[in-house]
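Colleague:
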Amino acid sequence: MSTKKLSKKKQALVIAGFVLLALATVYLGIAVYFSSHFFFQTTINGVDASGKSVQSVEKMIAAEIDQYQISIEPREGEAETIEGMAVGLKPVFDGTLEIELRKQNQFIWPVAFFQDSVMELETMVDYDKEKLRKEAKKLEMMDKAQMRKAENAMVSKYSKKEGYTIIPEEEGTVVDEEKFFEVLEDSVTNLKGSISMAEEGCYVKPEFTQDSKEIVKLAETMNKYAGTAITYDFGDKQEVLDGKTIHKWISVNEEEHKAQISQEKVAEYVAYLADTYNTAGKSKSLKSSYGTDITVSGGDYGWKIDQEKETEALAKNIKKGEKITKEPEYSQTANSRAGNDYGDTYVEVNLTAQHLYYYKNGSLVLETDFVSGNDAKGWSTPVGAYGLYYKQLDKTLRGEGYATPVDFWMPFNGGVGFHDATWRRDFGGNYYKRNGSHGCVNMPHSAAKTLYDNIEAGCAVLVYQLSGTESPKAKAQDAAAAVVQLIGSLGDVSLENKGAVEHARNQYNALDGTAKGYVSNYGQLEAAEARIGQLEAEAAADQQAQAEAQPVIDAINQLAGQEITVGMKDTINGIRNMYNGLSEAARAKVTNYNILTDAEQKVAELEKKEKEDKEKEDERQEEGE
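Mapped onto our numbering, the consecutive letters of the sequence shown carry residue numbers 3 to 627.
Below is the structure:
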């Protein structure tokens, strides 16, 4: 048994030896074969060289070159060909194949069954590159007039449903000539039968595709901007700003491929908000304390959006893509957004009545008379709605020609404000018309203190005029003012303006007791009346003197038309006696007194002459005797 087993073992070894020898023989034989032949799975310049010798490969290449043409497939249109003969294509065998064969390790031939060997040998063929390029340029696909440019991927227009989406790029047919010539030359060199221009990348590509980070980022940014939702809170009203509006403000910087927000459009929108929701400077309706619905115009009280700040803030909101409810940036605020912006806390200032009311949270805290700006001097307190700036104790008010200390100072319109006025003894009425302030609202000290203790900065001050609300004091003062003006216009009193004095008296008498108390120049009226009485007495005395003197005047006038003779001496003496009997006042009325004295002088002269003539006659008679 042991001998048989040993025999079988030897047999197995012998068989194995023969098998190995056979395999070795086959292996070496094939290895020898591949020392002069190319491995299986070998391709040289597009020619299947598997198991072929150098000579066989050269023959195959030469045969292929003789019939060679390359088909060029464009992206659009029919394929076109270029014949090898047209470009001077010919084989070039310079020992390169032998060199490549020697590089082949024939002993690893089994490995070659499992891997491809592709060789691209430039020295295998030769052709005229210039001719190749000229032939290529003749191709219809190279006609630039028929080429279509590639379109970049881009962001779509805004859609209410989808927002912004990316529109894919569109490949064009504009040939990248250098790339095409490079591919074409390589293909001819390797005797390729065809090339696909699209697959080989022979077209000018779009700069941006739908996957380009710039386009993706751009779409994301634009959607973020358009996705913004701002709800502006205006109390009883709201204003919603979202992509429906915002997308109109978005543009693209084509150079940088970045989304941008139009600052101008943002500013226009904020200006719209201001125009719609600002109340500063707009008229206010007021149910006055007099029961009348009035409109207060002018002033600057109310809500006012700070357009510059809000434009900046809104632009930031959009760039962050925020979804928020907010109030705009205000440069000035008011008390309420519902109804009237001043709410139920305000100072109501009636310039006509010279009376104010202060309501706090709807309750009346203070009402008082006051004295406002001097109308006559152009310092009238301005009407309108204002906001209290602040309040201050112990303030010295300064202006041109004055410096006035006050205990309570509450400005609301430039240098115009509420303050105590201890130098005034009375308030209300119509003092403001001629004896008003420089524009401020002068108040009794106690009233100013009450207002100061209860009011806060920002409180609305509504200043208005309302015909028909004049106070009884004002009416009395107005009536008295008319009489004061009448008395003041009397000027120098004479009998000619007696009627004016009497009219002034009648107007004064028509006043009631209160109004009479405001006639500050009543003493002037009394003086005028006394002067009239004096003038009338003087006129009566003058008239009496004239009557007393008239007979003398008439008698003297009789002398004026006559020749004076000595015989008229008695008449003249009689007139003299009449004159001498007159009173001093009557004598002053004898304006023709000189006629009498002239007549008396004439009589005296005539008597003297008669006397002289008689004496001369007597002397002649004595001489004659």
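All C-beta atoms, glycine included, are put in the ideal place defined by N, C-alpha and C.
Using a Cβ-Cβ cut-off of 6 Å (strictly less than) and excluding sequence neighbours within five positions of Lys306, which residues of its own chain qualify?
Modeller: Asn280, Ala282, Ser333, Gln334.
Colleague: At what residues does the beta strand (DSSP E) containing Met144 begin and finish?
Modeller: Careful: Met144 lies outside any beta strand (DSSP E) and carries neither H nor E.
Colleague: In terms of residues, what are the limits of the beta strand (DSSP E) holding Leu453?
Modeller: Premise fails: Leu453 lies in the alpha helix (DSSP H), 447–456, not in any beta strand (DSSP E).
Colleague: Along the chain, where does the alpha helix (DSSP H) that runs through Lys219 open and close?
Modeller: Its alpha helix (DSSP H) spans residues 215–228.
Colleague: Specify whether the stretch 546–560 and the stretch 524–533 touch according to this definition: at least 3 beta carbon pairs, one from each stretch, less than 8 Å apart.
Modeller: No: fewer than three Cβ pairs fall under 8 Å.
Colleague: Please report the residue range of the alpha helix (DSSP H) in which Tyr433 lies.
Modeller: Tyr433 -> alpha helix (DSSP H) spans 433–437.
Colleague: Restricting to Cα atoms, I'd like to know which of Thr45, Ala276, Val176, Ser158 is closest to Ala218.
Modeller: Per the sequence shown, residue 218 should be read as Val rather than Ala. Val218 has its Cα closest to that of Ser158, out of Thr45, Ala276, Val176, Ser158.
Colleague: Indicate whether Val268 and Thr313 have their beta-carbon atoms separated by less than 8 Å.
Modeller: Yes, Cβ-Cβ distance for Val268 and Thr313 is below 8 Å.
Colleague: Look at the alpha carbon of Tyr520 and the alpha carbon of Ala478, and state the distance between them as a whole number of angstroms.
Modeller: For Tyr520 and Ala478, the distance between alpha carbons rounds to 8 Å.
Colleague: With C-beta atoms as the reference, is Gly300 less than 8 Å away from Gly386?
Modeller: Yes, the Cβ-Cβ distance between Gly300 and Gly386 is below 8 Å.
Colleague: Could you please give me the residues that DSSP links to Ala462 through a beta bridge?
Modeller: Ala462 pairs with Tyr348, Gly389.
Colleague: Rounded to the nearest angstrom, what separates Glu256 and Phe116 at their Cα positions?
Modeller: In a straight line, the C-alpha of Glu256 is about 53 Å away from that of Phe116.
Colleague: Would you give the residue range spanned by the beta strand (DSSP E) that Pro208 belongs to?
Modeller: Element bounds for Pro208: n/a, residue is neither H nor E.
Colleague: In chain order, what residues of the same chain lie with their CB nearer than 6 Å to the CB of Glu75, ignoring the 5 residues before and after it?
Modeller: Cβ within range, chain order: Ala81, Ser198.
Colleague: Could you tell me whether the stretch 214–229 touches the stretch 165–178, using the rule of 3 or more Cβ pairs below 8 Å?
Modeller: With a cut-off of 8 Å, the stretch 165–178 and the stretch 214–229 count as touching, because enough Cβ pairs lie within range.
Colleague: Using the three-state DSSP reduction, which class does Phe372 fall into: helix, strand or coil?
Modeller: Reduced to three states, the DSSP call for Phe372 is coil.
Colleague: Name the residue from Ala512, Tyr35, Ile63, Arg104 whose alpha carbon lies nearest to the alpha carbon of Pro112.
Modeller: Here the closest residue by C-alpha is Tyr35.
Colleague: Can you list, in chain order, the residues of its chain whose CB lies under 7 Å from that of Gly460, leaving out five sequence neighbours each side?
Modeller: Excluding positions up to five away in sequence, the list reads Gly389, Leu390.
Colleague: Between Gln394 and His421, what straight-line distance do the alpha-carbon atoms span, to the nearest angstrom?
Modeller: In a straight line, the C-alpha of Gln394 is about 10 Å away from that of His421.
Colleague: Can you give me the C-alpha to C-alpha distance between Phe95 and Met149, rounded to a whole angstrom?
Modeller: Whole-angstrom Cα-Cα distance: 40 Å.
Colleague: So is Asn575 buried or exposed if we call it buried at 16+ other beta carbons inside 10 Å?
Modeller: By the neighbour-count rule (16 or more Cβ atoms within 10 Å), Asn575 is not buried but exposed.
Colleague: Roughly how many whole angstroms lie between the Cα atoms of Lys379 and Asn363?
Modeller: So the alpha carbons of these two residues sit roughly 37 Å apart.
Colleague: Is the beta carbon of Gln509 closer than 8 Å to that of Leu628?
Modeller: As shown, the chain starts at 3 and ends at 627. That puts residue 628 outside it, with no answer to give.
Colleague: Between Glu331 and Asp302, is the Cβ-Cβ spacing less than 8 Å?
Modeller: Result no, Cβ atoms of Glu331 and Asp302 do not sit closer than 8 Å.
Colleague: Flag this pair as yes or no: are the beta carbons of Asn376 and Asn437 separated by less than 8 Å?
Modeller: Yes; because the gap between Cβ atoms is below 8 Å, this pair is in contact.
Colleague: So Glu540 is in the alpha helix (DSSP H); what residue range does that whole segment cover?
Modeller: Start and end: 524–562.
Colleague: Identify whether Gln309 lies in helix, strand or coil by the three-state DSSP scheme.
Modeller: The answer is helix: DSSP assigns Gln309 an H, G or I state.
Colleague: Express the C-alpha separation of Trp425 and His357 in angstroms, rounding to a whole number.
Modeller: Between His357 and Trp425, the C-alpha separation is close to 19 Å.
Colleague: Mind reading off the beta-carbon distance from Ile72 to Val190? Whole number of angstroms is fine, and I expect it under 8 Å.
Modeller: That belief holds up - the Cβ atoms of Ile72 and Val190 are roughly 6 Å apart, short of 8 Å.
Colleague: The beta strand (DSSP E) that contains Gly419, what's its start and end?
Modeller: Residues 418–422.
Colleague: Can you tell which of Thr83, Val177, Ser119, Gly48 has its C-alpha closest to the C-alpha of Met126?
Modeller: Checking every option, the nearest Cα to that of Met126 belongs to Gly48.
Colleague: Looking only at DSSP bridge pairs, what is Ala405 linked to?
Modeller: DSSP output for Ala405 lists Arg400 as bridge partner(s).
Colleague: Rounded to whole angstroms, what's the CA-CA distance from Ser52 to Glu78? Just pull it up for me.
Modeller: Distance between the alpha carbons of Ser52 and Glu78 is about 37 Å.
Colleague: Which residue's Cα is closest to the Cα of Thr516: Lys475, Ala200, Val443?
Modeller: Checking every option, the nearest Cα to that of Thr516 belongs to Lys475.
Colleague: Give the secondary structure of Lys611 by DSSP, where H, G and I count as helix, E and B as strand, and everything else as coil.
Modeller: It is helical.
Colleague: To which residues does DSSP link Glu75 through a beta bridge?
Modeller: Glu75 pairs with Ser198.
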